[in-house]
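Asker: One structure, pasted below without further comment.
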C-alpha cells in the first residue's frame with residue numbers, strides 16, 4: 001500500500017488528521033489495531049476552537065445534533081457555596097463547549113473521512129518502521145498474522161498513551177503518574193436529567209468528584225474521590241461504587257442507579273521530550289497526557305492534527321526540518337502550558353476552605369480560565385500560561401505575529417476561505433487599514449505582518 005501519509009490509530013486525533021489531510025489533497029491511510037470501535041464514552045469535552053474547526057470541515061451540525069451544549073463548568077460545595085467558569089463571553093460564534101461521547105465523535109469523523117476518499121484499515125497493527133531519505137517504510141500485521149507493508153512520505157503516531165510509534169522512536173515520555181487512582185462511574189441516574197444540567201465539580205469534606213451529563217441522559221461521576229483513596233489499582237465492585245457515590249455526591253444531585261461502567265483509573269501528566277524524528281511524528285495522547293480537568297485531551301489532539309497538515313504543506317515549500325520544527329515548537333509549548341493549566345487541585349483545595357471574602361478572589365481567578373480552556377487565544381509569541389492567551393484583554397485584542405487575529409471567527413464566517421471544499425491551509429490576506437498587509441492561517445493565527453508603502457501606491 002502507498003500513501004502520502006500513514007496514520008497509526010483510528011481514534012479522534014487520527015481521524016481528524018486523516019480528514020484534514022484528505023481535504024488538503026494529501027492522500028492518507030489510517031491503520032487501527034482494534035477490530036471495532038470502543039463504545040465506552042471516554043473523552044467527552046470539545047471546546048470553541050475545535051467547534052470552529054468542525055464548522056470549517058462541514059460536520060458541525062452533526063456534532064451539535066449528538067452533543068450537549070454546555071455554557072459553564074460549575075464548582076459547588078456541599079454547603080451551597082458555588083463558583084463557575086463561564087464560556088458565554090468568548091470571542092467566537094460558539095461561546096460554549098460540547099459534551100459528546102468519543103464513539104459519536106469517531107463515527108462522525110470516520111463517516112467524513114471515508115466519504116472524502118480516506119482509507120481506514122481495522123485489525124491492522126503497527127509493528128515498526130524504517131525511515132528512508134525521502135519516505136517511510138511501515139511494517140504492520142493484519143489480524144496478528146499477515147504482514148502488511150505501507151510506503152509513505154510521512155508517518156504519524158496517533159496511537160495513544162502507550163504509543164508503539166513513540167517507543168520505536170526511543171522517545172522519553174516525561175512526567176508523572178498520580179499516586180492515587182481516580183474513581184469512575186457511568187450509567188443511568190435515579191432521576192431524569194434536565195436540559196439545563198451543567199458539568200460540575202462537587203466538593204465535599206469527604207473528597208472531590210466531577211459530575212458530567214451525557215446527551216443521552218446518562219451521567220458520569222469521576223475524580224480523585226475520597227481523600228483516603230487506595231494508592232494501588234483494584235477492582236471496583238458495585239457495592240463499593242454505590243457506597244463511594246453516596247459519600248461523595250450530595251443527596252440533591254442525581255446519582256447513578258444503574259451502572260454501565262465502574263472502575264479506578266490512572267491519571268497521568270506527561271509530555272514527550274521529542275515529538276518525532278525526520279518524517280515520523282507524534283500527535284495526541286502519543287505526545288502528551290494530561291489530567292482530565294477542563295476536558296483538554298480532544299482540544300490538544302485536534303490542534304495537533306491541524307498543525308501537522310499545515311506543517312506538511314510547509315514542507316512542500318521549505319525544508320523538512322523547518323516544517324517539523326514549526327510543528328514541534330508550537331504544539332509542544334501549547335501542551336506544556338495546558339498541563340500547567342489543568343493542575344486545578346490546589347484551587348479546588350482553596351475552594352474547600354474558602355469563606356465569603358476569599359470566595360470572590362477565587363471567582364476572579366475562574367473568570368480568566370474560560371479563554372485559556374477554549375484555546376481560542378493561543379499566542380505563539382508568548383511564554384508560560386500566556387501561550388493560551390493573555391489575561392489582558394488589550395493584549396488579546398492587539399495584532400501580533402503568532403497570535404490569533406481579534407474576532408477571527410466572526411470575520412472568517414463570511415470569508416470565502418470557510419466555504420466547503422476550499423483548502424483548509426490556504427493563507428488569507430487581510431488589510432485592516434491601507435498601511436498593513438496581514439497573512440493569516442485558517443485557525444486565525446497571524447503568520448506575518450507587512451507595512452505597505454503607500455507612496456508607491
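Residue numbers (UniProt numbering): 1 to 457.
Using N, Cα and C, we set each Cβ at its ideal position, and we do this for glycine too.
1. DSSP three-state call for residue 433: helix, strand or coil?
2. If you check the beta carbons only, do residue 203 and residue 303 fall under 9 Å apart?
3. Would you call the CB atoms of residue 270 and residue 161 closer than 9 Å?
4. What are the start and end residues of each continuous alpha helix (DSSP H) run of 4 or more residues lying completely inside the stretch 323 to 408, in chain order?
5. Can you tell me which of 80, 225, 375, 309 puts its alpha carbon nearest to the alpha carbon of residue 24?
6. Can you give the beta carbon distance from residue 32 to residue 10, rounded, assuming they're within the 8 Å contact cut?
7. Give me the DSSP bridge partner(s) of residue 451.
8. Please list the terminal residues of the continuous alpha helix (DSSP H) segment that includes residue 19.
9. Based on Cα-Cα distance, which residue from 128, 275, 4, 317 lies nearest to residue 27?
10. Give me the residue from 208, 268, 383 with the minimum Cα distance to residue 179.
11. With DSSP as the reference, label residue 246 as helix, strand or coil.
12. With 16 other CB atoms within 10 Å as the buried threshold, where does residue 405 fall?
13. Please report the straight-line C-alpha distance between residue 438 and residue 397, rounded to a whole angstrom.
14. Checking the sheet assignment: what are the DSSP bridge partners for residue 47?
15. For the alpha helix (DSSP H) containing residue 153, name the first residue and the last one.
16. I'd like the list of long-range same chain contacts for residue 258, defined as Cβ closer than 8 Å, with 5 residues on each side in sequence excluded.
17. Quick one, are the C-beta atoms of residue 487 and residue 399 less than 9 Å apart?
18. Straight-line CA distance for residue 102 to residue 408?
19. Which of the three DSSP states, helix, strand or coil, is assigned to residue 297?
20. Kindly list the residues whose CB is nearer than 6 Å to the CB of residue 177, restricted to its own chain and excluding five residues on each side of it in sequence; keep chain order.
21. Is there contact between the stretch 57 to 66 and the stretch 341 to 353, where contact requires at least three CB pairs shorter than 8 Å?
22. Tell whether a beta-carbon distance below 9 Å holds between residue 333 and residue 323.
23. What are the residues that DSSP puts in a beta bridge with residue 277?
24. From residue 56 to residue 330, what does the alpha carbon distance come to, in whole angstroms?
25. Would you say the stretch 101 to 120 touches the stretch 12 to 24, given that touching needs at least three Cβ pairs under 8 Å?
26. Would you check if the distance between the CB atom of residue 272 and the CB atom of residue 286 is smaller than 9 Å?
27. Check whether the Cβ atoms of residue 35 and residue 138 sit closer than 9 Å, and answer yes or no.
28. Starting from the C-beta of residue 141, find all residues in its chain whose C-beta is less than 8 Å away, skip the five residues before and the five after it, and write them out in chain order.
29. Three-state secondary structure (DSSP) at residue 137?
30. Go through its chain and collect everything with a Cβ distance to residue 443's Cβ below 7 Å, but skip five positions before and after it.
31. Given a cut-off of 9 Å, decide if residue 99 and residue 169 are closer than it, judged by their beta-carbon atoms.
32. Starting from the C-beta of residue 277, find all residues in its chain whose C-beta is less than 6 Å away, skip the five residues before and the five after it, and write them out in chain order.
33. Threshold first: 3 residues or longer. Then list the beta strand (DSSP E) segments lying entirely within the stretch 167 to 227, N to C.
34. Alpha carbon to alpha carbon, how far is residue 95 from residue 260? Give it in angstroms, no decimals.
35. In the DSSP output, which residue or residues are listed as bridge partners for residue 128?
36. Under the assumption that residue 299 contacts residue 342 (Cβ atoms under 8 Å), give the Cβ distance between them as a whole number of angstroms.
Answerer: Checking against the coordinates, here is how it stands:
1. Counting from 1 along the chain shown, the entry for residue 433 is found at position 433. Coil, per DSSP.
2. Working through the chain shown from its first residue, we reach residue 203 at position 203. Working through the chain shown from its first residue, we reach residue 303 at position 303. It is not a contact, given that the beta carbons lie outside the stated cut-off.
3. Sequence index remark: in the chain shown, residue 270 carries index 270 (1-based). Sequence index remark: in the chain shown, residue 161 carries index 161 (1-based). Taking 9 Å as the Cβ cut-off, residue 270 and residue 161 qualify as a contacting pair.
4. 345 to 353, 356 to 367, 369 to 374, 393 to 396
5. In the chain shown, the residue the question calls residue 24 occupies position 24. For residue 24, the nearest C-alpha among the options comes from 309.
6. Here residue 32 corresponds to residue number 32 of the chain shown, with the count starting at 1. Here residue 10 corresponds to residue number 10 of the chain shown, with the count starting at 1. Going by Cβ atoms, the distance from residue 32 to residue 10 rounds to 3 Å, so yes, they are a contact pair.
7. Your numbering for residue 451 matches position 451 in the chain shown. Residue 451 is bridged to 436.
8. For the purposes of this step, residue 19 is taken as residue 19 along the chain shown, with counting starting at 1. Run containing residue 19: 12 to 23, per the alpha helix (DSSP H) assignment.
9. Within the chain shown, residue 27 is the residue found at index 27, counting from 1. Ranking the options by Cα distance to residue 27, first place goes to 4.
10. Position 179 of the chain shown, counting from 1, holds the residue named residue 179. Of the candidates 208, 268, 383, the one whose C-alpha sits nearest the C-alpha of residue 179 is 268.
11. One-based indexing of the chain shown puts residue 246 at position 246. Here residue 246 sits in helix by DSSP.
12. Taking the first residue of the chain shown as 1, we reach residue 405 at position 405. With 16 or more other Cβ atoms within 10 Å, it is buried.
13. Counted from its first residue, the chain shown places residue 438 at position 438. Counted from its first residue, the chain shown places residue 397 at position 397. Cα-Cα distance, rounded: 15 Å.
14. Position 47 of the chain shown holds residue 47. Residue 47 is not bridged to any residue.
15. To locate residue 153, count along the chain shown from 1; it is residue 153. Per DSSP, residue 153 belongs to no alpha helix (DSSP H); it is in the beta strand (DSSP E), 146 to 157.
16. Position 258 of the chain shown, counted from the start, is the residue given in the question as residue 258. Closer than 8 Å at the Cβ level, and outside the excluded window around residue 258, lie 187, 188.
17. The first residue shown for the chain is 1 and the last is 457, placing residue 487 beyond what the model contains.
18. Residue mapping note: residue 102 aligns to position 102 of the chain shown, counting from 1. Residue mapping note: residue 408 aligns to position 408 of the chain shown, counting from 1. C-alpha separation (whole angstroms): 28 Å.
19. Start at 1 with the first residue of the chain shown, and residue 297 comes out as number 297. If DSSP states are grouped into helix, strand and coil, residue 297 belongs with the helices.
20. For the purposes of this step, residue 177 is taken as the residue at position 177 of the chain shown. Taken in chain order, the residues that qualify are 266, 268.
21. no
22. Within the chain shown, the letter at position 333 stands for residue 333. Within the chain shown, the letter at position 323 stands for residue 323. Against a cut-off of 9 Å, the Cβ pair of residue 323 and residue 333 comes out as no contact.
23. Taking the chain shown and counting its residues from 1, one reaches residue 277 at position 277. According to DSSP, residue 277 bridges with 280.
24. Numbered from 1 along the chain shown, position 56 holds the residue referred to as residue 56. Numbered from 1 along the chain shown, position 330 holds the residue referred to as residue 330. Rounded to whole angstroms, residue 56 to residue 330 spans 22 Å at the Cα level.
25. yes
26. If you number the chain shown from 1, residue 272 lands on position 272. If you number the chain shown from 1, residue 286 lands on position 286. Cβ atoms of residue 272 and residue 286: closer than 9 Å.
27. Counting from one through the chain shown, the residue named residue 35 turns up at place 35. Counting from one through the chain shown, the residue named residue 138 turns up at place 138. Contact: no.
28. Against the chain shown, residue 141 aligns to sequence position 141. Excluding sequence neighbours, residue 141 sits near 124, 125, 127, 147, 148.
29. For the purposes of this step, residue 137 is taken as residue 137 along the chain shown, with counting starting at 1. Three-state DSSP puts residue 137 in a strand.
30. By one-based count along the chain shown, residue 443 stands at place 443. 306.
31. As a first step, residue 169 must be located in the chain shown, where it is residue number 169. As a first step, residue 99 must be located in the chain shown, where it is residue number 99. It is not a contact, given that the beta carbons lie outside the stated cut-off.
32. Looking up residue 277 in the chain shown gives position 277. Cβ neighbours of residue 277 beyond the five flanking positions: 169.
33. 173 to 177, 182 to 189, 200 to 204, 207 to 213, 219 to 226
34. As a working mapping, residue 260 is identified with position 260 in the chain shown. As a working mapping, residue 95 is identified with position 95 in the chain shown. The straight-line gap from Cα to Cα measures roughly 32 Å.
35. The sequence position of residue 128 within the chain shown is 128, counting from 1. Looking at the DSSP assignment, residue 128 forms a beta bridge with 139.
36. Taking the chain shown and counting its residues from 1, one reaches residue 299 at position 299. Taking the chain shown and counting its residues from 1, one reaches residue 342 at position 342. About 10 Å separates the two Cβ atoms, so there is no contact after all.
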